[in-house]
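**Q** In our numbering, the protein residues as written are 85 to 826.
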Amino acid sequence: MSELVTKQILIIGLGLIGGSIARGLKKASSEIVISACDTNEIALKNALQEGVIDHAGSLQELCPKADVLVIALPTLTTVELIPEIAALSNANCIVTDVASVKSAVVAAARKQFDSFQQRFVPGHPIAGSEQSGYQASSAELFKDRNVILTPHEHCSCAAVAQINELWRLLHANVLGMELSKHDEILAATSHLPHLLAYAIVDALADQQQSENIFRYAAGGFADFSRLASSNAKMWSDIFIANADATVAVLDKYIDRLQVFRERITNAEHDTLVENFSNAKIVRDEFIGKYFGGKVSHNDSKSIINYLVEPGSKISGSIRVPGDKSISHRAIILGSIAEGTTKVSGFLEGEDALNTLKAFQEMGVTIIGPDNGELTIYGVGIDGLKAPRVPLNMGNSGTAMRLMAGLLAAQQFDSELLGDESLNQRPMARVIDPLTEMGAEIASVDNGKPPLKISGRTLKGIEYSMKIASAQVKSCLLLAGLYAEGDTSVSEPASCRDHTERMLKGFGYSLAQDESTRTTKISGGGTLQGTSIDVPADISSAAFFLVAATITPGATLCLEHVGINPTRNGIINLLRAMGAEIELSNKRKIGGEPVADLLVSYSQLKGITVPENQIPLAIDEFPVFFVAAACAEGVTELRGAEELRVKESDRIEAMAIGLRTLGVEVETFVDGIRIQGGPIGGGRVESFGDHRIAMAFVIAGLRASAPIEINDCANVATSFPGFISTAQQAGIKVSERECGADE
Ligand code: S3P
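This is the structure:
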């Protein structure tokens, strides 16, 4: 049970929000001791009688005794009270608030001593209703609702974790947000609608016919004006405290009203229909997506096809999104570190975002991502909380395998789910060694997801991997962080070492023996929060390396690409085929080597892929096969059976597509032989695999006719904005949404 059970909780203001917090906490555990102060004696009396609070009293009396204090008052009253609370509360008391405008509250907190700032965690539950007062409060008010925390640079991570836990007990979803962003967003989504509701009722009430207007008003008026029944003091506080952001969005709204006014006056019927239709689509979509309504164009992933036309010219300079492997690891290690971790260049693709959501679900407060920037308030090595729901890893084998190692070693149970593709992928490779460490993991059909993990204390083992898998290695190193004794993992061939580099960046020492390719970790240490600059993903850059290499006349610069030697197989292989790739501006960023890559067209020659390059280019083979199809002669790959258990069977998926385009291909259990030659057009399948979809876009650069690629929505798992980046590089590609039956 939560640590909060043993704390003295004080709620200042027992209205709708304060009363609901008290009720919800008591429902979560009747042992929780709650005190409250309020000027409303009746509310206090009722709450005492109902057992919702245990004590009532004055601020002077109760504040010094509180371990956790919630200010549940209107914004300006909160601002006024902060100096008194800072003075009265004890030095260990963690303070939070629920005010709707955060900058005004944080400005007041910033005027207090540092020690108060560290223990003050600004919060805002996006719950509530037009009703107010204790009598309207409910234990369920925050269930499945978002609560935004806007911690500032002085907040202690322990205080943030404690307030996160408080909201988790109330079944809320806790999100982090930059405070200026919070106030801007709330001005548009909450403050403006309230103002409009007050304005319409106020304007109509002034009219002589108001009685008739209200008498004959239909449901539309009731819907629109509902918010005008909200607490007047609370809302005037909000508008004044958030005046700048509210006025800015109000001005935009007034401009739009003027436009509509003119269109109505000029009877611009068609334009109005278009405006309103667009608004309807947008609203239906967000209601469907965020409020679980029935009307949605986006209930499941829509089917997206790509069309690439011949005749592209490749040039310019592009930066592809952040590295997926490093982004996953930044979230994982940042979450279990002490202190904050700042991440820039984070990949905002579905896979890494699923990992981020999983840690939010386990009680980690994360601000962002905002343009690739994140701040993670680490909960410490033992600070994760039991997830309340199964954790959905979507399409990502990396996330599932790494998380399996971490979760197997926790003192709570958990479940990992995946999508259709992930549910077919082998997990025995992590389940077996983890079981040897003492883990208990149930799977489907001897090793397929979902994985049901019972948290256990693990013991270190020495493990020799049968396959060169960075996912397995990383899984065991993460489990090894928690295991009793040492865990050592040896790999049959070098594979990506981001986990090792990043662990060192977090101050965790490892013993690495290059000659035996063994990494040893001792359990029981701690990680220190750090800064991570995620380089651009070489696996995403690879599509453009091949694009420029195979397109006559092309020259392209790829900026800030990670060139870790355990990842640069694609550069080695393309160079071996005769590609011209220059590395400039080489530098090291956060322990990872980075460079700008300048690549231009060259006529490639077929090669036999050296086996030691396979793990170094493991994700790049789909697009490498396209390069092979454009090369003179034969390219052969053997020893790569791993490709059959990626997001799709990549040997088969590429062979089928290449044959459709007229390329001569032979497959083997462990590889492929490709005869270079002309490429035709046609319709190919991506098999739901992001890298197959993108590889065929690149094939389109040398095709004699258009190529249509089916089912490309999963490109968003690793490369959000792929189409616009490809267009920026000069590729004639477009996407279209298709009906489910296409
Ligand atoms: C990854 C490792 C590789 C790679 C995957 C990402 C990682 O898998 O294919 O896309 O981040 O550790 P294996 O290690 O299983 O080959």
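All residues carry an ideal CB built from backbone N, CA and C; glycine is no exception.
Rounded to whole angstroms, what is the Cα-Cα separation between Asp328 and Phe370?
**A** Residue mapping note: residue 328 aligns to position 244 of the sequence shown, counting from 1. Residue mapping note: residue 370 aligns to position 286 of the sequence shown, counting from 1. Cα-Cα distance, rounded: 26 Å.
**Q** So does Ala554 have its beta carbon nearer than 7 Å to some heavy atom of the ligand S3P?
**A** For the purposes of this step, residue 554 is taken as the residue at position 470 of the sequence shown. Yes, since a heavy atom of the ligand S3P falls inside the 7 Å radius drawn around the Cβ of Ala554.
**Q** Can you tell me whether Arg310 is buried or exposed? The criterion is at least 16 other CB atoms within 10 Å of its CB, across all chains shown.
**A** Counting from one through the sequence shown, the residue named residue 310 turns up at place 226. With fewer than 16 Cβ atoms within 10 Å of its Cβ, Arg310 is classed as exposed.
**Q** Look up Ser558 in the DSSP assignment and say whether it is helix, strand or coil.
**A** Locating residue 558 in the sequence shown gives position 474, where the first residue counts as 1. Helix.
**Q** When you compare each of Ile763, Ile101 and Ala301 to Glu716 by their alpha carbons, which one comes out closest?
**A** Position 632 of the sequence shown, counting from 1, holds the residue named residue 716. Closest by alpha carbon: Ile763.
**Q** Where DSSP assigns a beta bridge to Asp570, which residues make up the other side?
**A** The residue you call residue 570 lines up with position 486 of the sequence shown. Answer is Ser606, bridged to Asp570.
**Q** Within its chain, find whatever has a CB closer than 8 Å to the CB of Phe344; leave out the 5 residues flanking it on each side and keep chain order.
**A** As a working mapping, residue 344 is identified with position 260 in the sequence shown. Correct list, in chain order: Leu356 and Asn359.
**Q** Locate the alpha helix (DSSP H) running through Gln246, then write down its first and last residues.
**A** For the purposes of this step, residue 246 is taken as residue 162 along the sequence shown, with counting starting at 1. Where Gln246 is concerned, the enclosing alpha helix (DSSP H) stretches over Cys241 to Leu253.
**Q** Using 10 angstroms around the beta-carbon of His278, count the other beta-carbons present and answer buried if the total reaches 16, otherwise exposed.
**A** Working through the sequence shown from its first residue, we reach residue 278 at position 194. Buried, by the Cβ-count rule.
**Q** Who does Arg671 pair with in a DSSP beta bridge?
**A** As a working note, residue 671 is residue 587 in the sequence shown. In the DSSP output, where bridge partners are listed per residue, Arg671 has Val678.
**Q** Gly609: buried (16+ other C-beta within 10 angstroms of its C-beta) or exposed?
**A** The residue given as residue 609 occupies position 525 in the sequence shown. Label assigned to Gly609: exposed.
**Q** What are the complete beta strand (DSSP E) segments, minimum 3 residues, inside the stretch 612–663?
**A** Listed in chain order, they are 615–617 and 639–646.
**Q** Taking contact to mean at least 3 C-beta pairs separated by less than 8 Å, is the stretch 400–414 in contact with the stretch 466–474?
**A** At 8 Å Cβ cutoff, the stretches do not touch.
**Q** Among Phe780, Lys550 and Ala492, which residue has its Cα nearest to the Cα of Leu542?
**A** Along the sequence shown, one-based indexing puts residue 542 at 458. Taking only the C-alpha atoms, the option nearest Leu542 is Ala492.
**Q** Tell me whether the stretch 453–469 and the stretch 238–256 touch, counting them as touching only if at least three CB pairs, one residue from each stretch, are closer than 8 Å.
**A** Enough Cβ pairs lie closer than 8 Å, so yes.
**Q** Using a 10 Å radius around the Cβ and a threshold of 16 neighbouring Cβ atoms, would you call Ile420 buried or exposed?
**A** Numbered from 1 along the sequence shown, position 336 holds the residue referred to as residue 420. That one is buried.
**Q** In whole angstroms, give me the CA-to-CA distance for Phe780 and Glu422.
**A** Counting from one through the sequence shown, the residue named residue 780 turns up at place 696. Counting from one through the sequence shown, the residue named residue 422 turns up at place 338. Approximately 44 Å, taken between the alpha carbons.
**Q** Have a look at Lys373 and Gly452 and give me their C-alpha separation to the nearest angstrom.
**A** Counting from 1 along the sequence shown, the entry for residue 373 is found at position 289. Counting from 1 along the sequence shown, the entry for residue 452 is found at position 368. If you take the alpha carbons of Lys373 and Gly452, they lie about 20 Å apart.
**Q** What is the DSSP secondary structure of Pro706, reduced to helix, strand or coil?
**A** If you number the sequence shown from 1, residue 706 lands on position 622. Here Pro706 sits in helix by DSSP.
**Q** Kindly confirm or deny that the stretch 388–395 and the stretch 435–455 touch, where touching means at least three C-beta pairs closer than 8 Å.
**A** No: fewer than three Cβ pairs fall under 8 Å.
**Q** With a CB to CB cut of under 6 Å and the five nearest residues on each side skipped, what residues in its chain are close to Trp319?
**A** Counting from one through the sequence shown, the residue named residue 319 turns up at place 235. If we look at Trp319 and ignore the five residues flanking it on each side, its Cβ neighbours are His278.
**Q** Buried or exposed, going by whether 16 or more other CB atoms sit within 10 Å of the CB of Pro533?
**A** If you number the sequence shown from 1, residue 533 lands on position 449. Buried is the call here.
**Q** Do you know whose CA, among Gly99, Leu263, Thr330 and Glu445, lies nearest Arg252's CA?
**A** Numbered from 1 along the sequence shown, position 168 holds the residue referred to as residue 252. That would be Glu445, whose Cα lies nearest to the Cα of Arg252.
**Q** Beta carbon of Glu695: closer than 7 Å to some heavy atom of the ligand S3P?
**A** Translated into positions along the sequence shown, residue 695 becomes position 611. No; taking the cut-off as 7 Å, the Cβ of Glu695 has no heavy atom of the ligand S3P nearer than that.
**Q** Rounded to whole angstroms, what's the CA-CA distance from Gly303 to Ser184? Just pull it up for me.
**A** In the sequence shown, counting from the first residue as 1, residue 303 sits at position 219. In the sequence shown, counting from the first residue as 1, residue 184 sits at position 100. So the alpha carbons of these two residues sit roughly 28 Å apart.
**Q** For the ligand S3P, I want to know if Ser68 counts as a neighbour, meaning its beta carbon is within less than 7 Å of at least one of the ligand's heavy atoms.
**A** What the structure shows of the chain is the stretch from 85 to 826, and residue 68 is not part of that stretch, so it cannot be assessed.
**Q** For Leu667, which residues from the same chain have a beta carbon less than 7 Å from its beta carbon, with the 5 sequence-adjacent residues on both sides left out?
**A** Residue 667 sits at position 583 when you count from the first residue of the sequence shown. Ile647, Ala679 and Leu681.
**Q** Using the beta-carbon count (16 or more within 10 Å), is Gly814 buried or exposed?
**A** As a working note, residue 814 is residue 730 in the sequence shown. Looking at its Cβ environment, which holds 16 or more other Cβ atoms inside 10 Å, Gly814 is buried.
**Q** For Cys121, which three-state DSSP category applies?
**A** In the sequence shown, the residue the question calls residue 121 occupies position 37. Looking at Cys121 - three-state DSSP - the assignment turns out to be strand.
**Q** Less than 7 Å separating the Cβ of Cys641 from some heavy atom of the ligand S3P?
**A** As a working mapping, residue 641 is identified with position 557 in the sequence shown. No, the Cβ of Cys641 stays beyond 7 Å of every heavy atom of the ligand S3P.
**Q** Could you give the first and the last residue of the continuous alpha helix (DSSP H) run that contains Phe197?
**A** Translated into the one-based positions of the sequence shown, residue 197 becomes position 113. Taken as a continuous stretch (DSSP letters only), Phe197 belongs to no alpha helix (DSSP H), as it is neither H nor E.
**Q** Starting from Tyr547, trace the alpha helix (DSSP H) in both directions and tell me its first and last residue.
**A** Working through the sequence shown from its first residue, we reach residue 547 at position 463. That residue, Tyr547, is in no alpha helix (DSSP H); its beta strand (DSSP E) goes Glu546 to Ser548.
**Q** So, does the stretch 684–695 touch the stretch 784–793, judging by three or more C-beta pairs under 8 Å?
**A** No, because fewer than three Cβ pairs between the stretch 684–695 and the stretch 784–793 fall closer than 8 Å, the two stretches do not touch.
**Q** Look up Leu468 in the DSSP assignment and say whether it is helix, strand or coil.
**A** Translated into positions along the sequence shown, residue 468 becomes position 384. The answer is coil: DSSP assigns Leu468 none of H, G, I, E or B.
**Q** Leaving out five residues on either side along the sequence, give the residues of the same chain with a beta carbon under 6 Å from the beta carbon of His381.
**A** As a first step, residue 381 is located in the sequence shown; it is residue number 297 there, counting from the start. Low confidence applies here, because His381 scores a pLDDT of 40, under 50, leaving its location unreliable; read the following figure in that light. Same-chain partners within the cutoff: Glu369.
**Q** Please report the straight-line C-alpha distance between Val379 and Cys641, rounded to a whole angstrom.
**A** As a first step, residue 379 is located in the sequence shown; it is residue number 295 there, counting from the start. As a first step, residue 641 is located in the sequence shown; it is residue number 557 there, counting from the start. Unreliable placement is indicated for Val379, whose pLDDT of 42 sits below 50; the coordinate value is still reported in the next sentence. Approximately 44 Å, taken between the alpha carbons.
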